[in-house]
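**Q** Quick one: the structure is below, and I'll ask about it shortly.
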Amino acid sequence: MTSSSVELEVTDELREAMRDCIAGRLHSPLMQTLSSGTKAILKDIAGLQTRAIATLGPPKRDGESWWVTRRAIQQSTTLRVADFKATWFGDQPVTDICCGIGGDLIALARRGPATGIDASQSVLSFTAANLITADVTANLRCLDVMQSEPAEVTDGSKWIHIDPDRRADNQRHTQPDAWLPSWERTEQLLGLAEGGLVKMAPATTLDSSVTQSCHLIWISSGGSVREQTAIWGKLPTPPEISGDEQDWQIGGRSAVILKHDSAHRFGCSSDNWTESAPFTSSVESWMIDPDGAIRAAGLTDHFARRHHAKTLGGPSGFLTADWNETDVENPSSQASIGELAMFAKIRDRLSCDDRALRRYFRKAKSYPEIIKVRGVDIDPAKLGKKLRECGETPLALWIGRNGKKTYAVVTNLPQQAPTF
352 MTSSSVELEV
362 TDELREAMRD
372 CIAGRLHSPL
382 MQTLSSGTKA
392 ILKDIAGLQT
402 RAIATLGPPK
412 RDGESWWVTR
422 RAIQQSTTLR
432 VADFKATWFG
442 DQPVTDICCG
452 IGGDLIALAR
462 RGPATGIDAS
472 QSVLSFTAAN
482 LITADVTANL
492 RCLDVMQSEP
502 AEVTDGSKWI
512 HIDPDRRADN
522 QRHTQPDAWL
532 PSWERTEQLL
542 GLAEGGLVKM
552 APATTLDSSV
562 TQSCHLIWIS
572 SGGSVREQTA
582 IWGKLPTPPE
592 ISGDEQDWQI
602 GGRSAVILKH
612 DSAHRFGCSS
622 DNWTESAPFT
632 SSVESWMIDP
642 DGAIRAAGLT
652 DHFARRHHAK
662 TLGGPSGFLT
672 ADWNETDVEN
682 PSSQASIGEL
692 AMFAKIRDRL
702 SCDDRALRRY
712 FRKAKSYPEI
722 IKVRGVDIDP
732 AKLGKKLREC
742 GETPLALWIG
752 RNGKKTYAVV
762 TNLPQQAPTF
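Structure below.
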């Protein structure tokens, strides 16, 4: 359910005016017929096109644009994530509740019949225009999910996707009590369907009674954790993912890492993800940084235990491991750690101060092409700029905190490593 401060009905005439606006023809005859307020809205939308394309992908129809607002594009699901979620529904009809400007709805419409529901007719006008831009079709219904009967909302749909409005009062909320629809209404809607997905913020925490009724996944793409999604009920076509050792068990949780055209998963059941990993205060032979989805899912300790690693300074810090040839010769069934984490072989350990770092990289005739920082107030970009002129050989620098001490570790650039 997406509220909007922009009240504008997108017509064929407005789409033509948008073409003029984007082309810089601000004084075209058509633009001259528009009010100053409408022209200001079009200019704002035109200025958001680069961001919209990064989120929704290039327009599928020549000459068309994405109809977005600043708030809507912040909440929209990215193309890669939306496509991944859509695969869960096969080619079955799906109802997208609180569809907004259509980030998820477009992906659902590409694979089969889809219906989008939103409380705002103005938002749905943007949605309809975006369906044209994406060259797909879907049914649209203007319905207030909180005021309507749940059965009227689902209208017999077996499969639903829900994206609650987490900024109903213009403040970002991570807890379900402040969402629209409320979590109580969300559960009522899910109870009328055979299965569904609920989009949430990565930082959302649900009551244990709720988490035991679904499977939670945290999805990362492009180096960022995009969202948390609750898998409810039984969906038609759960995707087969690299590293998928078990079903998407109710009560369990998973991290899904989307890379290029592949998806990789690290998950666990409900009874074994909280056990702490071994802890060490000294760096071993490898440095490891699990993907952000693994960290957001609270699976850092579980990841460390499964890959024979230890937490360095606690689970919020880097991991370290003493891998050797024996590990390589005796792999287990685990997915390649290279798809789930960044890691590298250690070269040196040194004091974390500007003089020591500069002296080291100058002597090595190298520079830190990658700087990773955890738990320390250091700007990697500024530090990298300082050290760039020390040499030409690219290395990696890892800076973290171990108790009250700050440590620095120099490694080779991340490379392929043992598969466990």
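So the number in this note's numbering is just where the residue sits in the sequence shown, counting from 1, plus 351.
Glycine included, every Cβ here is placed at the ideal spot set by N, Cα and C.
Measure the C-alpha to C-alpha separation of A695 and W637 and round it to an integer number of angstroms.
**A** The residue given as residue 695 occupies position 344 in the sequence shown. The residue given as residue 637 occupies position 286 in the sequence shown. Their backbone Cα atoms lie some 6 Å apart in a straight line.
**Q** Could you tell me whether the region 600 to 616 touches the region 452 to 466, where touching means 3 or more Cβ pairs closer than 8 Å?
**A** no
**Q** State the Cα-Cα distance for the pair L663 and I750, rounded to the nearest angstrom.
**A** Along the sequence shown, read from residue 1 onward, the residue named residue 663 stands at position 312. Along the sequence shown, read from residue 1 onward, the residue named residue 750 stands at position 399. Distance between the alpha carbons of L663 and I750 is about 11 Å.
**Q** Do you know how far the Cα of A655 is from the Cα of K714?
**A** On the sequence shown, position 363 is the one that residue 714 refers to. On the sequence shown, position 304 is the one that residue 655 refers to. Taking the straight line from one Cα to the other gives about 34 Å.
**Q** Can you check whether the CB of H658 is closer than 8 Å to the CB of I601?
**A** Position 250 of the sequence shown, counted from the start, is the residue given in the question as residue 601. Position 307 of the sequence shown, counted from the start, is the residue given in the question as residue 658. Going by C-beta atoms, I601 is not nearer than 8 Å to H658.
**Q** Distance, Cα to Cα, R706 vs E635?
**A** The sequence position of residue 706 within the sequence shown is 355, counting from 1. The sequence position of residue 635 within the sequence shown is 284, counting from 1. Going from the Cα of R706 to the Cα of E635 covers about 24 Å.
**Q** Roughly how many whole angstroms lie between the Cα atoms of I448 and I468?
**A** If you number the sequence shown from 1, residue 448 lands on position 97. If you number the sequence shown from 1, residue 468 lands on position 117. Rounded to the nearest angstrom, the two C-alpha atoms are 5 Å apart.
**Q** List, from N- to C-terminal side, the beta strand (DSSP E) runs of 3 residues or more that fit wholly inside the region 545 to 625.
**A** 546 to 551, 565 to 572, 575 to 584, 604 to 610 and 613 to 619
**Q** Here's a check: name, in chain order, each residue in its chain whose Cβ is nearer than 8 Å to the Cβ of W510, leaving out the five neighbours to either side.
**A** Sequence index remark: in the sequence shown, residue 510 carries index 159 (1-based). Result list for W510: F440, Q443, P444, V445, T446, A544, E545, G546, G547, L586 and P587, in chain order.
**Q** Could you give the distance in angstroms between the alpha-carbon of A374 and the alpha-carbon of A433?
**A** Position 23 of the sequence shown holds residue 374. Position 82 of the sequence shown holds residue 433. Going from the Cα of A374 to the Cα of A433 covers about 29 Å.
**Q** Helix or strand or just coil, what does DSSP make of D398?
**A** Counted from its first residue, the sequence shown places residue 398 at position 47. Correcting the residue type first, residue 398 is Gly in the shown sequence and not Asp. G398: helix per DSSP, three-state reduction.
**Q** Among E503, W534, D673 and G507, which residue has its Cα nearest to the Cα of I513?
**A** Along the sequence shown, read from residue 1 onward, the residue named residue 513 stands at position 162. Between I513 and the set E503, W534, D673 and G507, the nearest pair of CA atoms involves W534.
**Q** Check whether the region 404 to 418 touches the region 475 to 488, counting contact only when three or more Cβ pairs, one atom from each stretch, lie closer than 8 Å.
**A** yes
**Q** So what does DSSP say about A768, is it helix, strand or coil?
**A** To locate residue 768, count along the sequence shown from 1; it is residue 417. At A768 the pLDDT is 44, less than 50, meaning the model places this residue with poor confidence; the figure from the coordinates comes in the next sentence. The three-state reading of DSSP puts A768 in coil, since its state is none of H, G, I, E or B.
**Q** Look up M693 in the DSSP assignment and give the residues it is bridged to.
**A** Reading the sequence shown from its first residue, position 342 is the one you call residue 693. Note: M693 sits in a beta bridge opposite D640.
**Q** Helix, strand or coil for F712? Go by DSSP, reduced to three states.
**A** What you label residue 712 is simply residue 361 of the sequence shown in a count that begins at 1. Three-state result, F712: helix.
**Q** Determine whether the beta carbon atoms of L650 and A606 lie at a separation below 8 Å.
**A** Start at 1 with the first residue of the sequence shown, and residue 650 comes out as number 299. Start at 1 with the first residue of the sequence shown, and residue 606 comes out as number 255. Cβ distance < 8 Å, so L650 and A606 count as in contact.
**Q** With DSSP run on the structure shown, which of helix, strand or coil describes V727?
**A** Working through the sequence shown from its first residue, we reach residue 727 at position 376. In the structure shown, V727 sits in coil (DSSP, three-state: anything other than H, G, I, E or B).
**Q** Closer than 7 Å by C-beta to L475: which residues in its own chain qualify, once you throw out the five before and the five after it? Chain order, please.
**A** By one-based count along the sequence shown, residue 475 stands at place 124. Closer than 7 Å at the Cβ level, and outside the excluded window around L475, lie D469, L491 and C493.
**Q** Can you name, in chain order, every residue of its own chain whose Cβ lies under 7 Å from the Cβ of L399, other than the five neighbours on each side?
**A** As a working mapping, residue 399 is identified with position 48 in the sequence shown. The answer, listed in chain order, is V419, R421 and I424.
**Q** Check whether the Cβ atoms of W569 and A644 lie closer than 8 Å to each other.
**A** Counted from its first residue, the sequence shown places residue 569 at position 218. Counted from its first residue, the sequence shown places residue 644 at position 293. It is a contact, given that the beta carbons lie within the stated cut-off.
**Q** Is the beta carbon of L381 sitting closer than 8 Å to the one on A368?
**A** Sequence index remark: in the sequence shown, residue 381 carries index 30 (1-based). Sequence index remark: in the sequence shown, residue 368 carries index 17 (1-based). Yes. Within cutoff.
**Q** With 8 Å set as the bound, which would you pick, yes or no: does the beta-carbon of R431 sit closer than that to a beta-carbon of chain D?
**A** Absent from the structure: chain D. Only one protein chain is present.
**Q** Once DSSP output is grouped into helix, strand and coil, what is the label at H512?
**A** The residue given as residue 512 occupies position 161 in the sequence shown. Residue state, collapsed to three classes: strand.
**Q** Where do the ends of the alpha helix (DSSP H) carrying G451 lie?
**A** The residue given as residue 451 occupies position 100 in the sequence shown. Premise fails: G451 is in no alpha helix (DSSP H) and is neither H nor E.
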